[in-house]
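J.:
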Amino acid sequence: MPRPLGELEDAVMTRVWKWNRPVTVREVLEDLQQERSIAYTTVMTVLDNLHQKGWVRREAEGRAYRYEAVSTRPAYAAALMNDAWSQSDNPAAALVAFFGMMSDEQRQALRDAVRIVQGPDREREDREAPQEENPGSVADTDGR
């Protein structure tokens, strides 16, 4: 599972993900310099480290490289969430706590994602299934 990106790694990857194309060290450097003072060699080292860690692939172009993301930011976020969740000794309780931290917009995004994953056939089955009068709660399932 992935380790969270460091602050500078995240700043670099944010640009690589946002631009969604192969980028040069110079392009990333010039954009980063709008926010902070940073050296070309620092950005080059960060991109090389991201390549070594498998976050970006690179292709030689003359004497330089072009770097491209291996996966997406949503895939990265999902991997971090899955890693955190899998470390819980009570996954149901961890999910309940996580859902409790969500904004209304985040909960709606979760409902939308579940509908997408379930697909139209599953959604229809859920609507047609008889509803229990007193469905079990997470508290019932984890012994509390």
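FYI, my numbering numbers position 17 of the sequence shown as 17, with every residue one higher than the one before it. Quick reminder that beta carbons are idealized off the backbone N, C-alpha and C, glycines included.
Hey, how far is the Cα of D48 from the Cα of T41?
T.: 10 Å
J.: Suppose contacts are defined by Cβ-Cβ distances below 8 Å. Is R15 in contact with V28 by that definition?
T.: yes
J.: Report the rounded CA-to-CA distance for R219 versus V23, giving the unit in angstroms.
T.: Since the first and last residues shown for the chain are 1 and 144, residue 219 lies out of range.
J.: Beta-carbon separation of R111 and F99 under 8 Å?
T.: no
J.: Taking 7 Å as the limit between beta carbons, can you name the residues of its chain near V56, skipping five residues before and five after?
T.: Close CB contacts of V56 within its chain, under the 7 Å cut and outside five residues either way in sequence, are with V16, L47, L50, Y67, E68, A69, V70 (chain order).
J.: What is the DSSP secondary structure of D140, reduced to helix, strand or coil?
T.: Residue placement at D140 is poorly supported in this model, since its pLDDT is 47, which falls under 50; the coordinates still yield a value, given next. Three-state DSSP puts D140 in a helix.
J.: By a C-beta neighbour count over all protein chains shown, 10 Å radius and 16 as the cutoff for buried, is R81 buried or exposed?
T.: The question names Arg, but residue 81 in the sequence shown is Met. Answer is exposed; the Cβ neighbour count stays below 16.
J.: Buried or exposed, going by whether 16 or more other CB atoms sit within 10 Å of the CB of M13?
T.: buried
J.: Taking the Cβ atom as the reference point for each residue, do Y65 and P2 lie within a distance shorter than 8 Å?
T.: no
J.: Between the Cα of K53 and the Cα atoms of S86, Q87, E61, P4, which residue gives the shortest distance?
T.: The shortest Cα separation from K53 among S86, Q87, E61, P4 belongs to P4.
J.: Going by beta-carbon coordinates alone, are L32 and A60 separated by less than 8 Å?
T.: no
J.: Just verifying my parser: in three-state terms, what is the DSSP assignment at V16?
T.: V16: helix per DSSP, three-state reduction.
J.: Quick one: what does DSSP say V56 is sitting in, helix, strand or coil?
T.: strand
J.: Tell me whether E105 sits in a helix, a strand or coil according to DSSP, three-state version.
T.: Collapsing the DSSP output to three states places E105 in a helix.
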